[in-house]
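Working notes, beginning with the structure itself.
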Amino acid sequence: MYISKLFKIPMDDEWKCNYCHWPADFAYVLARTEDEARQLLEDGDAGLCEECIGDLISEEGYIIIKINDGDDISTIAKELLQFAIQSRK
Ligand SMILES: [Zn+2]
């Protein structure tokens with residue numbers, strides 16, 4: 442299990458996607474914080490174009506959770522647990 446957020450980071454003209462190696466204006470990085478995302482990019486360990494990050498998220502078992510301001514911790518935990526149970530059936 443890996444919990445992360447998706448960060449969209451503007452890149453310079455030279456940058457190319459780490460997977461397909463096509464030039465892209467933005468790097469998409471899954472990380473816990475923006476600092477971690479930038480560090481992963483700097484180290485060359487992450488950074489995908491919009492098409493490759495779409496493939497990764499849809500094909501590699503990621504789920505998307507939107508936490509709203511009013512959501513309390515127990516509701517988030519309950520919903521996540523229910524989702525995990527349902528998606529294993
Ligand atoms: Zn790509």
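According to my numbering, the sequence shown is numbered sequentially starting from 442. Cβ coordinates follow ideal geometry from the N, Cα and C atoms, glycine included.
Cβ pair alanine 472, glycine 488 closer than 7 angstroms: Contact flag unset, no.
Assigned exposure category for alanine 525 - 16 Cβ within 10 Å defines buried: So alanine 525 counts as exposed.
Range covered by the beta strand (DSSP E) that runs through lysine 449: First-last of the beta strand (DSSP E) with lysine 449: 446-451.
Rounded separation between glycine 495 and valine 470 - CA only: Between glycine 495 and valine 470, the C-alpha separation is close to 11 angstroms.
Any non-hydrogen atom of ligand 1 within 6 angstroms of tyrosine 443 CB: The answer is no for tyrosine 443.
Whole-Å CB distance - leucine 521 paired with isoleucine 505, under 8 angstroms assumed: 12 angstroms between Cβ atoms; not a contact.
Heavy atom of ligand 1 within 6 angstroms of tyrosine 460 beta-carbon: For tyrosine 460, the shortest separation between its Cβ and any heavy atom of ligand 1 lies below 6 angstroms.
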